[in-house]
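For the sequence shown, the residue numbers in mature numbering (1 follows the signal peptide of the UniProt record, and there is no 0) are -26 to -1, 1 to 123.
Every residue, glycine too, gets a C-beta built ideally from N, C-alpha and C.
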Amino acid sequence: MKKLTISILCTALLSACVQMPNSDSAGSTPRPAFKDSAIGLATVGSLIILMDVKRQKTQETLKTQTSSQGISKYQARLSAIDAVKSNLVSYSSGQLSLGDKISLVNATSDIVKSKLPDYGDIIATLSTLSQVLITAQHQAKAAAAAANQ
């Protein structure tokens, strides 16, 4: 229930961010891009923290494993968690273009789906983030096309 609540809250906040107008009617400065907004950075920051928590829990579980199969399973999970966390840190660095961020989020989502399928809350948040970024990309293309006319 707690995971569902968090996922719904993240989705609502991200949806609200997308639905905000690009600028007000007075023609002042446009709103910041999602990657620069507090909600965008908070979403990725929250995912990084969540991955740290999940990593700690996985490490604790790994310590209790006695069979080689169990140890191997949880070591693979730790590797996947580290890969996801690394991708999220790269995302939040501010060095990537919008297209690169979309690719990175999709790749990260694929890692979680294949290696950590029980992390539904993270999968849902990454999916929402991907949709927000794709929407932003479409809006940027539409704005560029309108400016060229």
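Per-residue DSSP class, three states only, for residue i
i: Y93; result: coil
i: G68; result: coil
i: T40; result: coil
i: Q113; result: helix
i: Q30; result: helix
i: Q105; result: helix
i: Q49; result: helix
i: N61; result: helix
i: N122; result: coil
Under 9 Å between C-beta atoms of residue i and residue j
i: L52; j: R29; result: yes
i: A54; j: I85; result: yes
i: K89; j: A50; result: yes
i: L72; j: L21; result: no
i: D26; j: K59; result: yes
i: T82; j: A57; result: yes
8 Å Cβ shell around residue i - same chain, five flanking residues per side excluded
i: G19; result: S66
i: L78; result: N61, S64, Y65 and L70
Cut-off 7 Å between Cβ atoms - residues of its own chain near residue i, not counting five sequence neighbours on either side
i: T35; result: Y48
i: Q39; result: I45 and Y48
i: T32; result: Y48, R51, L52 and I55
i: N80; result: S104
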